[in-house]
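Enquirer: Chains A and B are the protein sequences, given in the same order. Basically this note's numbering = 1-based index in the first sequence + 116. Basically this note's numbering = 1-based index in the second sequence + 116. Positions of the beta carbon are idealized from the N, C-alpha and C atoms, including for glycine. Model, not experiment: these values are computed from the prediction.
2 protein chains.
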Amino acid sequence: MMKKLAMKRRSTRTYKNNPVKISDIIEVIEVGTYAPSGANVQPWRFMIIDDKSVKMTIRQGAEKADQKFHREAPEWLRNWLKDHNITPEKRFLTEAPFLVVVMALKSMPYWLESTWISIAYMILTIEEKGLSSLTYTPSQTDFLNPLLDIPKDYNVVTILPIGFSNEKSESKPMRKNVAQFVFKNKFGEEFL
Amino acid sequence: MMKKLAMKRRSTRTYKNNPVKISDIIEVIEVGTYAPSGANVQPWRFMIIDDKSVKMTIRQGAEKADQKFHREAPEWLRNWLKDHNITPEKRFLTEAPFLVVVMALKSMPYWLESTWISIAYMILTIEEKGLSSLTYTPSQTDFLNPLLDIPKDYNVVTILPIGFSNEKSESKPMRKNVAQFVFKNKFGEEFL
Chain A
117 MMKKLAMKRR
127 STRTYKNNPV
137 KISDIIEVIE
147 VGTYAPSGAN
157 VQPWRFMIID
167 DKSVKMTIRQ
177 GAEKADQKFH
187 REAPEWLRNW
197 LKDHNITPEK
207 RFLTEAPFLV
217 VVMALKSMPY
227 WLESTWISIA
237 YMILTIEEKG
247 LSSLTYTPSQ
257 TDFLNPLLDI
267 PKDYNVVTIL
277 PIGFSNEKSE
287 SKPMRKNVAQ
297 FVFKNKFGEE
307 FL
Chain B
117 MMKKLAMKRR
127 STRTYKNNPV
137 KISDIIEVIE
147 VGTYAPSGAN
157 VQPWRFMIID
167 DKSVKMTIRQ
177 GAEKADQKFH
187 REAPEWLRNW
197 LKDHNITPEK
207 RFLTEAPFLV
217 VVMALKSMPY
227 WLESTWISIA
237 YMILTIEEKG
247 LSSLTYTPSQ
257 TDFLNPLLDI
267 PKDYNVVTIL
277 PIGFSNEKSE
287 SKPMRKNVAQ
297 FVFKNKFGEE
307 FL
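1. Mind checking whether A:Ser-249 and A:Ile-239 have CB atoms under 8 angstroms apart?
2. Using the three-state DSSP reduction, which class does B:Lys-300 fall into: helix, strand or coil?
3. Taking 8 angstroms as the cut-off, decide whether the C-beta atoms of B:Pro-262 and B:Asp-182 are in contact.
4. Measuring CB to CB, does A:Leu-121 end up less than 8 angstroms from A:Leu-215?
5. 8 angstroms is my cut-off, CB to CB: does A:Gln-158 come that close to chain B?
6. Pick out whichever of A:Thr-251, A:Ile-142, A:Val-294 and A:Arg-194 has its Cα sitting closest to the Cα of B:Lys-119.
7. Report yes or no: is there a C-beta of chain A within less than 8 angstroms of the C-beta of B:Ile-174?
8. Is there a Cβ from chain D that is less than 8 angstroms from the Cβ of B:Tyr-237?
9. Is the beta carbon of A:Glu-205 closer than 8 angstroms to that of A:Tyr-131?
10. To the nearest whole angstrom, what separates the beta carbons of B:Thr-251 and A:Pro-152, a pair I think is in contact under 8 angstroms?
11. Please confirm whether A:Tyr-150 has its beta-carbon closer than 8 angstroms to some beta-carbon of chain B.
12. Can you say whether A:Trp-160 is buried or exposed, counting buried as having 16 or more other CB atoms within 10 angstroms of its CB?
13. Grab the span of the beta strand (DSSP E) containing A:Val-218 for me, first residue to last.
14. Taking Cβ-Cβ distances shorter than 7 angstroms, what residues in chain B pair up with A:Gly-279?
15. Do A:Val-273 and A:Thr-241 come within 8 angstroms of each other at the CB atom, strictly closer than that value?
16. In the structure shown, what three-state DSSP assignment does B:Ile-164 receive?
17. Would you list the one or two residues that DSSP bridges to B:Leu-276?
18. Against chain B, with Cβ distances strictly below 8 angstroms, would A:Leu-193 count as a contact?
19. How many Å lie between B:Thr-203 and B:Leu-197 at the Cα?
20. Just to confirm before moving on: does the CB-CB distance between A:Phe-303 and B:Leu-264 stay below 8 angstroms?
21. Would you mind reading off the limits of the alpha helix (DSSP H) that contains A:Leu-197?
22. Rounding to the nearest angstrom, what Cα-Cα distance links A:Asp-167 and A:Ile-174 in this structure?
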């Protein structure tokens, strides 16, 4: 079941404007809160955004930050972005019915690691509900703190747009075979 | 289903010595490789450790690193560790039939974030198989590179002991209610 869910999930950049139930969003976040965390501190916080003007302001800030990122990216990454039609334009930030801004209290031990476990739990739960998402982290997130009244001791870790996928073609998984990643007892000794 | 799996999983620090099938470990890793990653670079690598002397050497290095960590931890964390009987002794590193050392190529964009998504996929898959694990990251991991011949451009991200749980009492989930973590459109505006 985990394997099926994990293989089915796709990073989704275009969304239908079909409405999504906020109760589904809350259930997704609830599962995220069952992630383990360093010293069980549960350093995560979640902000549900459905206000259109807030979404637009987030999008404008993110696009500004990502223009710089695209300009300064190394060549291989610029090529990858181009091949995948990924530009600094972040339409999904206004298109998806909901954004969930995931933040964490950065003074806590393993705050970033714990919060990414929580995010992974969420993206699988989103998939299970027949919804789609993307783990989108603007290349710079500081602008979000004053914008959303987030105290300075919290970092925005990612933004999840959530909605029904409107991707034209179902892309393939595009993963290397597991054998290319696994060693036994020593680095470099492949054994599969 | 995701909710059930996520709620059931516990961080496990004592293991039975019942054998575990290596095919299960490989399936767990396979699901981990279906995680999304920055620019689909799949920066993760996994080392399966079943050699007893290698496990012991890892344990000795980790215990040495963690003694310093325990000594220097702030008081609230020292108290939490004490309340949970967590000492620098890391018996699970030799007790669990398998360790999976998770590494990542640290020059890649979002290498740490992507790898923690992969780890989250793995711990849920471990739970689904009726096995238990712990995301254990020694407070210092550099000693593992020469020990396991890991090139310098890879960082050890975590070590997962995997086996059948031998915890005496089933601990409760101990999570705050989701309402304490959720805001809407602005920080501080709880609405649940």
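Expert: The answer reads as follows:
1. yes
2. strand
3. no
4. no
5. yes
6. A:Ile-142
7. no
8. Protein chains in the displayed structure are A and B, and chain D is not among them.
9. no
10. 6 angstroms
11. yes
12. buried
13. 214–221
14. Those within 7 angstroms of A:Gly-279 in chain B number zero; the least Cβ separation is about 17 angstroms.
15. no
16. strand
17. B:Val-216
18. yes
19. 7 angstroms
20. yes
21. 191–199
22. 11 angstroms
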